[in-house]
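Chemist:
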Amino acid sequence: MTVTRPPDLPPGRGGPQEIPRPEGWRLGAPPPWAGLDDRTLSLDGLQEVFDGRRPTGIRGTPTGREWEAGVLVALFDDPEGAGPHVVLTRRSPRLASHTHEVSFPGGRHDPDDADLWATALREAKEEIGLDPSLPRLLGRLDPVVTVGSGSLIQPFVAVLGRSPELEPNPDEVEAVRIVALSELVRDEVYREELWPRAEGPWSITFFELEGDTVWGATAAMLRQLLALALGAEGGTDYHGDYRAGDV
1 MTVTRPPDLP PGRGGPQEIP RPEGWRLGAP PPWAGLDDRT LSLDGLQEVF
51 DGRRPTGIRG TPTGREWEAG VLVALFDDPE GAGPHVVLTR RSPRLASHTH
101 EVSFPGGRHD PDDADLWATA LREAKEEIGL DPSLPRLLGR LDPVVTVGSG
151 SLIQPFVAVL GRSPELEPNP DEVEAVRIVA LSELVRDEVY REELWPRAEG
201 PWSITFFELE GDTVWGATAA MLRQLLALAL GAEGGTDYHG DYRAGDV
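For what it's worth, my numbering labels the leading residue of the sequence shown as 1, then goes sequentially.
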C-alpha cells in the first residue's frame with residue numbers, strides 16, 4: 001500500500017513525492033537536537049566540526065556490488081544574514097527513476113573522474129551549473145548505502161564563498177531548492193518513521209519543507225550534518241539501511 005501523506009502533517013508542509021509507506025509504520029524518535037534550546041548554526045562552527053574529522057564508518061549494509069557515487073552538500077551564508085543555507089535539487093520527471101525526489105547534486109563515479117570529490121563537482125556542474133572552482137571542501141559525512149539505487153554514496157560537505165548562480169539542467173533537475181539550515185532544525189520539519197520488516201524496524205528520516213518532502217538517504221545525510229553541527233547525540237550513530245536511492 002502506498003500512502004503519500006502521513007497524518008497530522010503541518011499545513012503547507014510536504015510535497016508531491018510519493019512515499020511507499022507500508023502498513024504498520026509508526027513514528028520514531030524526536031530529532032537529536034530536540035532538547036537543545038540553542039540551535040544556532042554557522043559556517044565557522046561547521047569548519048570546527050570538520051577540522052580533522054574522518055567518517056566513522058559506512059551507514060547501511062554494503063554487499064560489495066554497489067555503484068560508487070559522490071554528492072555535494074554545498075553550503076553558503078545568506079547575504080541578508082539568515083545564516084547557512086544548503087543547495088538541494090528536485091529530480092526531473094524526465095529521469096527514468098526517483099522522479100521528483102529531493103537530493104543533493106551528485107551522481108555515479110565516472111572512470112574519467114580522479115576521485116569521488118571530482119565526481120561530485122562534475123555532477124554539480126552538469127546538473128545545476130555550479131562553477132567547480134567555487135566549492136571549498138570542509139570534510140565528509142559518513143558514506144551511505146542505499147537500497148533503492150544500489151549505491152554507496154560519499155557525501156562531501158563544502159562551503160561556497162558566495163551565493164551561487166545556478167542554472168538547472170531540465171533533463172536532470174526540475175528545481176533547485178535553497179534551504180536555510182535553521183529551517184531544518186525546526187521541530188515541525190523533522191520526523192522519523194519506523195517501517196516494519198522481518199529483521200526489525202527500518203528507520204526512515206523525513207524533513208517536511210514547504211512544498212517538498214526530503215526523505216531516505218538525503219534526509220539521513222542532513223540529519224547527520226545537523227547533529228554534528230549542533231553537537232547533538234546522533235551525529236555518529238548507526239541508523240540502518242536507507243530506503244531511497246537518490247543518485
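All C-beta atoms in this analysis are idealised placements derived from N, C-alpha and C, irrespective of residue type, glycine included.
(1) State buried or exposed for Thr61, treating a residue as buried only when at least 16 other CB atoms are found within 10 Å of its CB.
(2) Since Ala120 contacts Gly106 with CB under 8 angstroms, what's their CB separation in whole angstroms?
(3) Got a sec, what are the start and stop residues for the beta strand (DSSP E) Ile153 sits in?
(4) Excluding the 5 residues flanking Val49 on each side, which residues of the same chain have their C-beta closer than 7 angstroms to its C-beta?
(5) Considering just the uninterrupted stretch of the beta strand (DSSP E) at Ala175, what are its terminal residues?
(6) Quick one: measure Cβ to Cβ for Ala158 and Ala34, integer angstroms, because I've assumed they're closer than 8 angstroms.
(7) Could you pull the start and end residues of the alpha helix (DSSP H) that Asp44 belongs to?
(8) So, do the segment 152 to 171 and the segment 185 to 201 have three or more beta carbon pairs nearer to each other than 8 angstroms?
(9) Just mark Glu188 as buried or exposed, buried being the case when its beta carbon has 16 or more other beta carbons within 10 Å.
(10) Please report how far the alpha carbon of Leu137 lies from the alpha carbon of Arg53, in whole angstroms.
(11) Going by DSSP, what residues sit across from Trp67 in a beta bridge?
(12) Counting C-beta neighbours from all protein chains within 10 Å, is the total for Leu225 16 or more, i.e. buried, or is it exposed?
(13) Can you say whether Ile19 is buried or exposed, counting buried as having 16 or more other CB atoms within 10 angstroms of its CB?
(14) Closest to Arg21 by CA distance: which of Leu222, Trp215 and Arg223 is it?
(15) Go ahead and label Ala82 buried or exposed: buried means 16 or more other beta carbons lie within 10 angstroms of its beta carbon, across all protein chains shown.
(16) From Pro135 to Phe76, what does the alpha carbon distance come to, in whole angstroms?
(17) Measure the alpha-carbon distance for Glu192 versus Val87 and round it to whole angstroms.
(18) Any idea if Ser151 is buried or exposed, counting beta-carbon neighbours within 10 angstroms, 16 or more meaning buried?
(19) Rounded to whole angstroms, what's the CA-CA distance from Pro10 to Asp113? Just pull it up for me.
(20) Could you tell me the alpha carbon to alpha carbon distance between Ser133 and Pro164, rounded to whole angstroms?
(21) From this set, Gly211, Leu209 and Ser203, which residue's C-alpha is nearest Ala217's C-alpha?
(22) Can the beta-carbon of Phe207 be found closer than 7 angstroms to that of Leu181?
(23) What residues in its chain sit with their C-beta under 7 angstroms from that of Ala219, if we drop five residues either side in the sequence?
Modeler: So, from the listed chains and residues:
(1) exposed
(2) Gly106 and Ala120 do touch by the CB rule: their CB atoms are close to 5 angstroms apart, below 8 angstroms.
(3) Ser151 to Leu160
(4) Leu228 and Ala229
(5) Val173 to Ala180
(6) Their Cβ separation, rounded to whole angstroms, is 28 angstroms, which puts Ala158 and Ala34 out of contact at 8 angstroms.
(7) Leu43 to Phe50
(8) no
(9) exposed
(10) The C-alpha of Arg53 is placed about 12 angstroms away from the C-alpha of Leu137.
(11) Ser151
(12) buried
(13) buried
(14) Trp215
(15) exposed
(16) 9 angstroms
(17) 22 angstroms
(18) Result: buried.
(19) 43 angstroms
(20) 11 angstroms
(21) For the residues Gly211, Leu209 and Ser203, the minimum Cα distance to Ala217 belongs to Ser203.
(22) The beta carbons of Phe207 and Leu181 sit no closer together than 7 angstroms.
(23) Thr205, Phe206 and Phe207
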